[in-house]
Amino acid sequence: MDLRRGVASTIHHILPTDTNHIGALFGGTAIAWMDLAAGLAATRLSRCSVVTASIEKVDFQVPIWGGEIAVVEARVISVGHTSMSVQVDMLRENPKTGEQTLCTSGIFHMVALDEQHRPTPVFSDQPQEELHA
Ligand SMILES: CC(C)(COP(=O)(O)OP(=O)(O)OC[C@H]1O[C@@H](n2cnc3c(N)ncnc32)[C@H](O)[C@@H]1OP(=O)(O)O)[C@@H](O)C(=O)NCCC(=O)NCCS
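Residue numbers (my numbering): 2 to 134.
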């Protein structure tokens, strides 16, 4: 199984509306951006609608300050029958130097759904050879 297409990345300039009371990226916003990237990676791999079933422990190790850039990188790291586990990293990037620092990581568990919003096999309607393309 080739997981290379199960990737997604997003980039965000941290604006005042994204920050908390001390001027750093608000944690809830960070989780939302990570969840979005995880969903995109899982969607690209499965070509199904996906939902988040659970999120493993996320540690906020380093703040991202207003005016900095947040880079979110997601990749599917394992596939079950209807579920996918997605590693998501969030890095801060200094807009003037380009220096990047890993700030936060988490694993997001996504489930593929059919038209009736029921769990459906991740690779149900794709020929096996396509999985290796
Ligand atoms: C996630 C959801 C689809 C699972 O439905 P379900 O009927 O309980 O599904 P099942 O028990 O048949 O499990 C389906 C798959 O999900 C996985 N799964 C279910 N709950 C999980 C959880 N809390 N964490 C990780 N994986 C989970 C199962 O292990 C299974 O994986 P597999 O097929 O690869 O073996 C359902 O609980 C749901 O719709 N939850 C709400 C999702 C949501 O609103 N998310 C927030 C917005 S995106």
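Backbone N, C-alpha and C fix where the C-beta goes; we use that ideal spot for every residue, glycine too.
* If you run the structure through DSSP and keep just helix, strand and coil, what is residue 17? -> Here residue 17 sits in helix by DSSP.
* Asked: What is the DSSP secondary structure of residue 32, reduced to helix, strand or coil?
  -> In the structure shown, residue 32 sits in a helix (DSSP, three-state: H, G or I).
* Best match in 65, 86, 80 for proximity to residue 29 [C-alpha to C-alpha] -> If we check each option's Cα against that of residue 29, 65 comes out closest.
* **Buried versus exposed, by CB contacts within 10 Å (16 or more), residue 100** => When all chains shown are included, residue 100 counts as exposed.
* To the nearest angstrom, report how far apart residue 107 and residue 55 are at their CA atoms. => Taking the straight line joining both Cα atoms gives about 11 Å.
* Give the DSSP-derived three-state secondary structure of residue 102 in the structure shown. => If DSSP states are grouped into helix, strand and coil, residue 102 belongs with the strands.
* Cβ pair residue 93, residue 72 closer than 9 Å -> It is a contact, given that the beta carbons lie within the stated cut-off.
* Nearest-residue set for ligand 1, Cβ under 5 Å from any heavy atom -> Residues with a Cβ closer than 5 Å to any heavy atom of ligand 1, in chain order: 52, 53, 54, 55, 81, 82, 83, 84, 110, 112, 120.
* Asked: How is residue 107 classed by DSSP in three states: helix, strand or coil?
  -> Note: residue 107 maps to strand in three-state DSSP.
* Asked: Given a threshold of 16 other Cβ atoms within 10 Å of its Cβ, counted over all protein chains shown, does residue 33 qualify as buried or as exposed?
  -> Residue environment: residue 33 is assigned as exposed (fewer than 16 neighbouring CB atoms within 10 Å of its CB, all protein chains considered).
* Asked: How should residue 116 be labelled, buried or exposed, when 16 other C-beta atoms within 10 angstroms of its C-beta is the threshold for buried?
  -> With fewer than 16 neighbouring CB atoms inside 10 Å of its own CB, residue 116 falls in the exposed class.
* Buried or exposed by the 16-neighbour rule on C-beta atoms within 10 Å, applied to residue 15 -> Taking every protein chain shown into account, the CB of residue 15 has 16 or more other CB atoms within 10 angstroms, so this residue is buried.
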